[in-house]
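Residue numbers (this note's numbering): 303 to 601.
This report refers to the structure that appears directly beneath it.
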Amino acid sequence: MKIAVMGAGGVGCFHGALLARAGHEVCLIGRPSLVEAVRRDGLRLDSKAFSGHVPISASASFEAASDAELVLVCVKSGDTESAGATMAPHLSADVVVMSLQNGVDNAERLAAACGRAVIPAAVYVAVGMEGPGHVRHHGRGDLMIGDTPNSARIAALMSEAGIPTDVSPDVRVALWEKLAINCAFNALSAIPQIQYGELMAFPGVADVMRDVIDECREVAKASGILLSAHLDAVARRIAQTMASQRSSTAQDMAAGKRSEIDHLNGYIAHRGEALGVPVPVNRALWVMVRLLERGTRGA
Numbered sequence: 303m304k305i306a307v308m309g310a311g312g313v314g315c316f317h318g319a320l321l322a323r324a325g326h327e328v329c330l331i332g333r334p335s336l337v338e339a340v341r342r343d344g345l346r347l348d349s350k351a352f353s354g355h356v357p358i359s360a361s362a363s364f365e366a367a368s369d370a371e372l373v374l375v376c377v378k379s380g381d382t383e384s385a386g387a388t389m390a391p392h393l394s395a396d397v398v399v400m401s402l403q404n405g406v407d408n409a410e411r412l413a414a415a416c417g418r419a420v421i422p423a424a425v426y427v428a429v430g431m432e433g434p435g436h437v438r439h440h441g442r443g444d445l446m447i448g449d450t451p452n453s454a455r456i457a458a459l460m461s462e463a464g465i466p467t468d469v470s471p472d473v474r475v476a477l478w479e480k481l482a483i484n485c486a487f488n489a490l491s492a493i494p495q496i497q498y499g500e501l502m503a504f505p506g507v508a509d510v511m512r513d514v515i516d517e518c519r520e521v522a523k524a525s526g527i528l529l530s531a532h533l534d535a536v537a538r539r540i541a542q543t544m545a546s547q548r549s550s551t552a553q554d555m556a557a558g559k560r561s562e563i564d565h566l567n568g569y570i571a572h573r574g575e576a577l578g579v580p581v582p583v584n585r586a587l588w589v590m591v592r593l594l595e596r597g598t599r600g601a
């Protein structure tokens, strides 16, 4: 299958690499530095199962993937609308578009921007870019996707490529639970720039994480979504199994990039305010990250 990956960061490169290794014709759409590295050497993937260079095509323009049958959108949440508008003129009539992004509303925003249905996906993978064209896998690598007429076929394709994928009749719960976990880890990992294992071992952090998750649970409940009562245990398990991982927010801030914090703790802050649900811990973490971003990126 011809597959385009829009947004070739850690998540995009990881999934693109596995699909290319499975024999699919994959094109990564990314920054010029990544395109140059991939065209010169291929995409380097480091994981427990494989370490080496993967032959794969790359381009800085979506026009190079205008004949794609499947588009995986992996851009940052703040770039969702612009990505959809960029893709829209080049999408074929029967293309399948899937959102592999953080947050809970990207599929809807992307669908509005590109003018077609989008499959939402909850992405469970710990990855990071070691440099242009070099992605490192730290743990997991499975997907939960929404139930659409194309979902079973796409789930089978992804699973065959080594990306275990399940179809959920209500993926919203999975998206909200992942949002709660991201809200617990991302800002707290980003502010001191430390890995999950060290973070969780610091006195008081587990209590703050629990407060963050509880606030997310109340906002989800007010939105008609009931979250698991065991997300605290999920967070502890993540800290153990992905001890060397730093959050995507931490990685973005270290690279001087704008993070997705507005769509994580910031989303909970705004949604809580709109619904009359107090969320002081999420609001504080959101504001602190924004202040640090201002300092590292300039006013």
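The C-beta atom is built at its ideal place from N, Cα and C for all residues, glycine as well.
Pairing HIS436 with ARG346 gives a Cβ-Cβ distance under 8 Å.
Cβ contact annotation for THR450 (same chain, cutoff 6 Å, sequence separation greater than five): ILE421, in chain order. Taking the CA atoms as reference points, VAL583 sits about 10 Å from ALA486.
Relative to LEU320, the option among ALA482, PRO466 and VAL473 whose CA is nearest is PRO466. In this structure, VAL591 lies near ALA489, with their beta-carbon atoms less than 8 Å apart.
Rounded to whole angstroms, the separation of the alpha carbons of PRO580 and GLU517 is 7 Å. For MET511, the enclosing alpha helix (DSSP H) starts and ends at 507-524. For ARG346, no alpha helix (DSSP H) encloses it; the enclosing beta strand (DSSP E) starts and ends at 345-348. Counting the other Cβ atoms within 10 Å of the Cβ of HIS532 gives fewer than 16, which makes it exposed. Under the three-state reduction of DSSP, GLY464 is assigned to coil, being neither helix nor strand. Residue burial is scored here from C-beta neighbours: ALA424 has at least 16 other C-beta atoms within 10 angstroms and is therefore classed as buried.
Out of ASN452, PHE316, GLY312 and LEU330, the CA that lies nearest to the CA of ILE305 is found in LEU330. Three or more Cβ pairs closer than 8 Å define a contact, and the segment 377-386 meets that threshold against the segment 552-564. By the beta-carbon neighbour count (other beta carbons within 10 angstroms, threshold 16), SER335 is exposed. Considering only GLY332, ALA324 and HIS392, the residue with the shortest C-alpha distance to VAL313 is GLY332. In this structure, the beta-carbon distance from GLY405 to HIS565 falls below 8 Å. Counting C-beta pairs closer than 8 Å gives three or more between the segment 495-504 and the segment 541-549, which meets the contact rule.
Judged by beta-carbon spacing, ALA537 lies beyond the 8 Å limit of SER491, meaning their Cβ atoms are not closer than that value. Judged by DSSP in its simplified three-state form, CYS416 adopts helix. In this structure, the CA atom of GLY433 is about 43 Å from the CA atom of GLY578. Taking ALA362 as reference, the option from ALA339, TYR426, ALA541 and GLU371 with the minimal CA-CA separation is ALA339. Secondary structure at LEU481: helix, using DSSP grouped into helix, strand and coil.
For GLU500, the uninterrupted alpha helix (DSSP H) run begins and ends at 498-503, by DSSP. It is roughly 18 Å from the alpha-carbon of VAL337 to the alpha-carbon of ALA385.
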